[in-house]
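Numbering follows my numbering, in which position 290 of the sequence shown is assigned residue number 344; successive positions increment by one, without gaps.
Don't be surprised by glycine CBs; every beta carbon is placed ideally from N, CA and C.
Computed from a predicted structure; not experimentally measured.
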Amino acid sequence: MDDQMDDVMDDLTIEGFTVGPGQRLKTRIPALELADGTLISLPLILINGVRPGPRIYIGAGIHGDEVNSVALVTKALAAVDPGDLAGSIVCVPVQQPLALQADHRLPLAQYLKSPLDQVPADAWTCFPGDANGNIAQVMAARLFGLITQCDVALDVHTPTRGGKYVPIAILPHHGMGAHAKRAEQLAHELGTGWIVRGERGMYVSDGILCVEATRAGVPCFTFEIGEGGRLDLDFVETGAQCVLNLLKGLGMIPGARVEPKVTHVMRDFVGIRATHGGVLVTEVELGQAVSKGQRLCRIFDVFGDVVEEVVAPVDGLFVRATTLGTVSRGERVATLGVV
Numbered sequence: 055m056d057d058q059m060d061d062v063m064d065d066l067t068i069e070g071f072t073v074g075p076g077q078r079l080k081t082r083i084p085a086l087e088l089a090d091g092t093l094i095s096l097p098l099i100l101i102n103g104v105r106p107g108p109r110i111y112i113g114a115g116i117h118g119d120e121v122n123s124v125a126l127v128t129k130a131l132a133a134v135d136p137g138d139l140a141g142s143i144v145c146v147p148v149q150q151p152l153a154l155q156a157d158h159r160l161p162l163a164q165y166l167k168s169p170l171d172q173v174p175a176d177a178w179t180c181f182p183g184d185a186n187g188n189i190a191q192v193m194a195a196r197l198f199g200l201i202t203q204c205d206v207a208l209d210v211h212t213p214t215r216g217g218k219y220v221p222i223a224i225l226p227h228h229g230m231g232a233h234a235k236r237a238e239q240l241a242h243e244l245g246t247g248w249i250v251r252g253e254r255g256m257y258v259s260d261g262i263l264c265v266e267a268t269r270a271g272v273p274c275f276t277f278e279i280g281e282g283g284r285l286d287l288d289f290v291e292t293g294a295q296c297v298l299n300l301l302k303g304l305g306m307i308p309g310a311r312v313e314p315k316v317t318h319v320m321r322d323f324v325g326i327r328a329t330h331g332g333v334l335v336t337e338v339e340l341g342q343a344v345s346k347g348q349r350l351c352r353i354f355d356v357f358g359d360v361v362e363e364v365v366a367p368v369d370g371l372f373v374r375a376t377t378l379g380t381v382s383r384g385e386r387v388a389t390l391g392v393v
């Protein structure tokens, strides 16, 4: 009898909402109040399984031009049958509604209104947040309160407008101990075929969502896929399959994972920037292996003359392309992953 009782799933209670075993709830929770009294709410999807298991937080859309992340998360969860689920899912498919409304990485209306007061302006960079801070800090604190009620977490992104990534899992710094090691295991379960174990740069900096979640004991990593500023159904399909892979790897849903043909584990990113302005023509395919000295792009001036040939500074994998037709000096034209 005791063993049978251990197999009974408890109710899931989050933010005052209770979801019984085998049930799903779509709702909203208040997050911010604007000058006219308008309440900005976070969409919340709660799915409670019928058997005990892990509780996963899944977040997307913390940058408003990353619509692929929103679409792939909702597509994946639509395929989850609560009657077959072990554990529970807490999902915020749009983690910064003001940025989505602006169709921009940041909530521009608030930033332009008072730019000094709204620094930091990017909620993704100021975790664990501050409930008494500015808009980004308040939003981060609201989200962090949800994340820390879970066992593991997944933070889903695309690049900002003008960039396109291969499906890639980017880990918190591996020096963060057992929780970072667990995050790396989860990244393999995601099954993208591309993993970065970086030691420097934006993705492993203090304040980044996955870094602070992992530091707080909730193993988490960043999942980047596709292109900012536009919806690409092929990337949505691939990304949704990766989310389902992770749920299968955690033992939360039945079925076999879709394995990548090969998994590239990279130790760093190398970003390459233009030294001349002009029209950008990229000459290698996304995901392609390239050799040091190989030409990646050419930049033409407005007279049609080549002003720069961009070559690979090291051997690597072409993991992020610039999709803008023109670049100015100093703008990124390509990113390599270094094995």
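Burial check for VAL356: the Cβ neighbour count within 10 Å stays below 16, so the residue is exposed. Per DSSP, the unbroken beta strand (DSSP E) holding ILE224 starts and ends at 217-224.
Counting only runs of at least 3 residues, the region 122-202 fully encloses the following beta strand (DSSP E) elements, listed from N- to C-terminal order: 140-146.
Per DSSP, reduced to three states, the secondary structure at ALA114 is coil, with no helix or strand assignment. The beta carbon of GLY245 is closer than 7 Å to those of CYS296, ASN299, ARG311, VAL312, GLU313 and PRO314 in its chain, skipping five residues each way along the sequence. Listed as beta-bridge partners of GLU253 by DSSP are no residues whatsoever. For GLU243, the uninterrupted alpha helix (DSSP H) run begins and ends at 232-244, by DSSP. Within 10 angstroms of the beta-carbon of PHE323 lie 16 or more other beta-carbons, which makes it buried. As DSSP reads the structure, VAL206 sits in a beta bridge with ILE110. From the listed residues GLY115, SER123, PRO226 and ARG386, the smallest Cα separation to ASP176 is found for GLY115.
The C-beta separation of VAL258 from VAL265 comes to about 6 Å, placing the pair in contact by the 8 Å criterion. GLY70 sits exposed, since fewer than 16 C-beta atoms from the chains shown fall within 10 Å of its C-beta. Taken atom to atom, the span from the alpha-carbon of GLY341 to that of ARG383 is near 25 Å. DSSP places ASP322 in the strand class (E or B) of the three-state scheme. Look at LYS302 here: in three-state DSSP terms it is helix.
DSSP places VAL373 within a strand segment (E or B) once states are collapsed to three.
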